[in-house]
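Visitor: One structure coming up, written as structure tokens, with questions to follow.
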Amino acid sequence: MSFSSAGDSRLANKQRYPTTLTAAGVDHTSMPRSLLALLDCFKWRTVTTVCDALSQFPGVNAFFIVACANLRLIQSQQRTKYNFYNFDFDSKFASDYAGFLLQAKKRSRGKQH
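In the numbering used here, the protein residues as written are 1 to 113.
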């Protein structure tokens, strides 16, 4: 797992998260553009993004809220090339991810039901 919020000591805890690599935060323009490059590399055209509000981590969550907003702004400019679906949730309150992950899987593979 790679995480871009190295400034938060809770996320850099090697005992709790031994496989996490932390680094300086990325800018909110490069990250969505990198995603689009990845989609083009594999010729993926239908994609579901899942954004977690992370309200249990005040401060850290602001980064992800802005990152998702910028990702969706860039997505909206690419609607003719890609088919995007978006899910929002808050892991502070969600305990069962199976339902919406299955929905994301179906949408990304073109199965709406």
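Here a beta-carbon is modelled for each residue, glycine too, at the ideal position from N, C-alpha and C.
Among 51, 80, 85 and 108, which one has its Cα closest to the Cα of residue 69?
Guide: Taking the first residue of the sequence shown as 1, we reach residue 69 at position 69. Considering only alpha carbons, the answer is 51.
Visitor: Per the DSSP calculation, residue 29 is bridged to which residue(s)?
Guide: One-based indexing of the sequence shown puts residue 29 at position 29. The partner list for residue 29 (beta bridge, DSSP) is empty, contrary to what the question assumes.
Visitor: Let me make sure I understand the geometry here. Which of 95, 32 and 105 has the alpha-carbon closest to that of residue 77?
Guide: Numbered from 1 along the sequence shown, position 77 holds the residue referred to as residue 77. Out of 95, 32 and 105, 32 has the C-alpha closest to the C-alpha of residue 77.
Visitor: Can you tell me where the alpha helix (DSSP H) with residue 100 in it begins and where it stops?
Guide: Here residue 100 refers to the residue found at position 100 when the sequence shown is read from its first residue. Its alpha helix (DSSP H) spans residues 98 to 108.
Visitor: Could you tell me which residues DSSP puts in a beta bridge with residue 47?
Guide: Position 47 of the sequence shown, counted from the start, is the residue given in the question as residue 47. Per DSSP, 84.
Visitor: For my contact list, residue 48 and residue 85 are in at a C-beta cut-off of 8 angstroms; report their separation, rounded to the angstrom.
Guide: On the sequence shown, residue 48 is found 48 positions in, with the first residue counted as 1. On the sequence shown, residue 85 is found 85 positions in, with the first residue counted as 1. With a Cβ gap of about 4 angstroms, residue 48 and residue 85 count as contacting.
Visitor: Cβ of residue 114 within 8 angstroms of Cβ of residue 54?
Guide: The chain is shown from 1 up to 113; residue 114 falls before or after that span and cannot be answered.
Visitor: Kindly indicate which three-state DSSP category residue 64 falls into: helix, strand or coil?
Guide: Taking the first residue of the sequence shown as 1, we reach residue 64 at position 64. Looking at residue 64 - three-state DSSP - the assignment turns out to be helix.
Visitor: Compare the beta carbon distance of residue 38 and residue 74 with 8 angstroms and say whether it is the shorter of the two.
Guide: Your numbering for residue 38 matches position 38 in the sequence shown. Your numbering for residue 74 matches position 74 in the sequence shown. No, they are not a contact pair.
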